[in-house]
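Working notes, beginning with the structure itself.
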Amino acid sequence: MNTESLEKHFNDKIEEDIRIEPKDWMPEKYRKTLIRQISQHAHSEIVGMLPEANWITRAPTLRRKAAALAKVQDEAGHGLYLYSACETLGVERDDLLADLHSGKAKYSSIFNYPTLTWADMGAIGWLVDGAAIMNQVPLCRASYGPYARAMVRICKEESFHQRQGYEIMLTLCKGSEEQKNMAQDALNRWWWPSLMMFGPTDKDSKHTADSMRWGIKRFTNDELRQKFVDVTVPQADILGLTVPDKDLKWNEESGHYDFGEINWEEFYNVISGNGPCNRERLEARRNAHDKGEWVREAAQAYAEKKSRNKAA
Amino acid sequence: MKSMSKNWPLWEIFIRSKAGLNHKHVGSLHAADAAMAIQNARDVYTRRNEGVSIWVVESSHITASDPDDSDPLYEPAKDKVYRHPTFYDLPDELKHM
Ligand SMILES: [Fe+2]
Ligand SMILES: [Fe+2]
Chain Z
139 MNTESLEKHF NDKIEEDIRI EPKDWMPEKY RKTLIRQISQ HAHSEIVGML
189 PEANWITRAP TLRRKAAALA KVQDEAGHGL YLYSACETLG VERDDLLADL
239 HSGKAKYSSI FNYPTLTWAD MGAIGWLVDG AAIMNQVPLC RASYGPYARA
289 MVRICKEESF HQRQGYEIML TLCKGSEEQK NMAQDALNRW WWPSLMMFGP
339 TDKDSKHTAD SMRWGIKRFT NDELRQKFVD VTVPQADILG LTVPDKDLKW
389 NEESGHYDFG EINWEEFYNV ISGNGPCNRE RLEARRNAHD KGEWVREAAQ
439 AYAEKKSRNK AA
Chain L
993 MKSMSKNWPL WEIFIRSKAG LNHKHVGSLH AADAAMAIQN ARDVYTRRNE
1043 GVSIWVVESS HITASDPDDS DPLYEPAKDK VYRHPTFYDL PDELKHM
């Protein structure tokens, strides 16, 4: 088949909602787009472990500690599913990690904010995992098979992340005045960065059109952000907390909440490396990788020795 | 020693979700050897009782059919409707068949 008929075959499959698999022909731009999106996603899961790991040893009860540990371990798993999916596109894991560690690859801007109090564990589960779920559920139908299958596994596991976070918020809000203030303070700090998780507005998003056409994305950034606001505001009401946006109000006509302008300057600043914790996060990642090198080498040497002995 | 810092080999992971069912492919992971692949598969793929048995196979040992060959491979089966029970026209009053 020539490129033209291959491309037609590919487009027909996308049109008919038939999944693309690793060995199928695909346009180079489709492959590149997927590698970028899946690896960014994988990096976000791995870097996302860091802000919460900060609180595991200081969780207030054993129950909370067990949940925090399980959640952070899940995020490691999510990263691994996604790196594996990405590797089916012909890239090497080591090269993906090298791009993360050199600062060349991006990851979600949200993880460059610090976790200052225990309430942040609640706000992250509720808002950050909540926004992630909003993003991820439509990706279970992404046109690339390995990505879609990884997302199905991830989505199954995310639900507990959000619920345990909301439960932390609920407990704080039912507690002392001081505890409730802590919850409000966490909401104040995490609300806007959570809205930024959906990425630039549709008019500024340079990848959206291609991704939509190829069935990698099913909703635009702004559509998902609106959905998130619509479901999350009533959840804040149940907690008795105030969403930190003076322009937020229900719009009877549109059936959605109107909300204020996002500080995009902050978003681009954090994305380009100048958030409060960018340097710390990358350093933690690099450290873990470098200090683990002897373990990887020892395991490799042991495996080689064993297979030599077996052959002898 | 730097040559070792390359990726560990990739393994394909198959899990039996409960006794009586077959092993099913769930994904892949890197490991230095088979024993480590099983250990890692347990952590990555069975954190919520998803399995009672794990198989690991080094990915390089798997030979896959070529998607471009799917016509010659699968097309011949399509016109052999007589391989299915519904192809045979029998009276309605016939029972137990
Ligand atoms: Fe996750
Ligand atoms: Fe999560």
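Heads up: the protein sequence lines correspond to chains Z and L, in order. Counting from 139, one number per residue, gives the positions in the first sequence under our numbering. Counting from 993, one number per residue, gives the positions in the second sequence under our numbering. Backbone N, C-alpha and C define an ideal beta-carbon position, used for all residues, glycine too.
Taking Cβ positions only, does residue i come closer than 8 Å to chain L?
{"i": "K444/Z", "result": "yes"}
{"i": "D428/Z", "result": "no"}
{"i": "L200/Z", "result": "no"}
{"i": "L218/Z", "result": "yes"}
{"i": "K448/Z", "result": "no"}
{"i": "R157/Z", "result": "no"}
{"i": "R231/Z", "result": "yes"}
{"i": "D150/Z", "result": "no"}
{"i": "S136/Z", "result": "The structure shown does not extend to residue 136/Z, since chain Z is modelled only from 139 through 450, so no value can be given for it."}
{"i": "E215/Z", "result": "The amino acid at residue 215/Z is misidentified as Glu; the sequence shows Gly. Taking Cβ atoms only, chain L reaches closer than 8 Å to G215/Z, which makes this a yes."}
{"i": "D323/Z", "result": "no"}
{"i": "K209/Z", "result": "no"}
{"i": "M203/Z", "result": "Note that residue 203/Z is Lys in the sequence shown, not Met. Chain L contact via Cβ: absent."}
{"i": "E154/Z", "result": "no"}
{"i": "K365/Z", "result": "no"}
{"i": "D162/Z", "result": "yes"}
So residue i packs on residue j, CB below 8 Å; how close in whole Å?
{"i": "H299/Z", "j": "D212/Z", "result": "7 Å"}
{"i": "I1046/L", "j": "I1005/L", "result": "7 Å"}
{"i": "I173/Z", "j": "Y219/Z", "result": "That belief does not hold up - the Cβ atoms of I173/Z and Y219/Z are roughly 15 Å apart, past 8 Å."}
{"i": "Q274/Z", "j": "E295/Z", "result": "Incorrect: roughly 10 Å between the Cβ atoms, too far for contact."}
{"i": "L420/Z", "j": "H239/Z", "result": "7 Å"}
{"i": "D340/Z", "j": "D360/Z", "result": "5 Å"}
{"i": "A321/Z", "j": "A257/Z", "result": "5 Å"}
{"i": "L235/Z", "j": "R169/Z", "result": "About 19 Å; that fails the 8 Å criterion."}
{"i": "G353/Z", "j": "I152/Z", "result": "5 Å"}
{"i": "G241/Z", "j": "G411/Z", "result": "7 Å"}
Does the distance from the CB of residue i to the CB of residue j come in under 8 Å?
{"i": "W264/Z", "j": "G303/Z", "result": "yes"}
{"i": "P382/Z", "j": "N319/Z", "result": "no"}
{"i": "I1007/L", "j": "E1050/L", "result": "no"}
{"i": "R363/Z", "j": "L333/Z", "result": "yes"}
{"i": "T253/Z", "j": "P198/Z", "result": "no"}
{"i": "A1024/L", "j": "V1048/L", "result": "no"}
{"i": "I184/Z", "j": "G217/Z", "result": "yes"}
{"i": "I409/Z", "j": "S177/Z", "result": "no"}
{"i": "W1000/L", "j": "S1020/L", "result": "no"}
{"i": "H147/Z", "j": "Y245/Z", "result": "no"}
{"i": "D348/Z", "j": "T141/Z", "result": "no"}
{"i": "K1133/L", "j": "V1044/L", "result": "Nothing can be reported for residue 1133/L: it is not among the residues displayed for chain L, which extend from 993 to 1089."}
{"i": "R231/Z", "j": "H1017/L", "result": "no"}
{"i": "M259/Z", "j": "I306/Z", "result": "yes"}
{"i": "A269/Z", "j": "M335/Z", "result": "yes"}
{"i": "A223/Z", "j": "V210/Z", "result": "no"}
{"i": "G215/Z", "j": "R1039/L", "result": "yes"}
Would residue i pass as an interface residue toward chain Z - the criterion being a Cβ-Cβ separation below 8 Å?
{"i": "K1070/L", "result": "no"}
{"i": "T1053/L", "result": "The residue you asked about is not Thr; residue 1053/L is His in the sequence shown. No, H1053/L does not count as interfacial toward chain Z."}
{"i": "N999/L", "result": "yes"}
{"i": "H1088/L", "result": "no"}
{"i": "W1003/L", "result": "no"}
{"i": "V1049/L", "result": "no"}
{"i": "V1036/L", "result": "yes"}
{"i": "A1056/L", "result": "yes"}
{"i": "M996/L", "result": "Per-residue confidence for M996/L stands at a pLDDT of 45, beneath the threshold of 50, marking its modelled position as unreliable; no derived number is given."}
{"i": "M993/L", "result": "Low local confidence applies: a pLDDT of 37 at M993/L is under 50, so the model's placement there is unreliable, with the coordinate-based value given in what follows. At least one chain Z Cβ lies under 8 Å of M993/L."}
So which residues of chain C does residue i contact, with C-beta pairs closer than 7 Å?
{"i": "D1025/L", "result": "The question asks about chain C, but that chain is absent: this structure's protein chains are Z and L."}
Between the stretch 1006-1020 of chain L and chain Z, which residues of the former have CB atoms less than 9 Å from a CB of the latter, in chain order? V1018, G1019 and S1020
Can you give me, in chain order, the residues of the stretch 408-441 of chain Z that have a beta carbon less than 8 Å from any beta carbon in chain L? E431, R434, E435, A437, Q438, A439, Y440 and A441
Which of the residues in the stretch 260-284 of chain Z, read from start to end, lie with their CB under 9 Å from any CB of chain L? P284
Select from the stretch 1058-1086 of chain L all residues with a C-beta closer than 9 Å to any C-beta belonging to chain Z, and list them in chain order. D1058, P1059 and D1060
For the stretch 233-250 of chain Z, which residues have a CB atom closer than 8 Å to at least one CB atom of chain L, in sequence order? none
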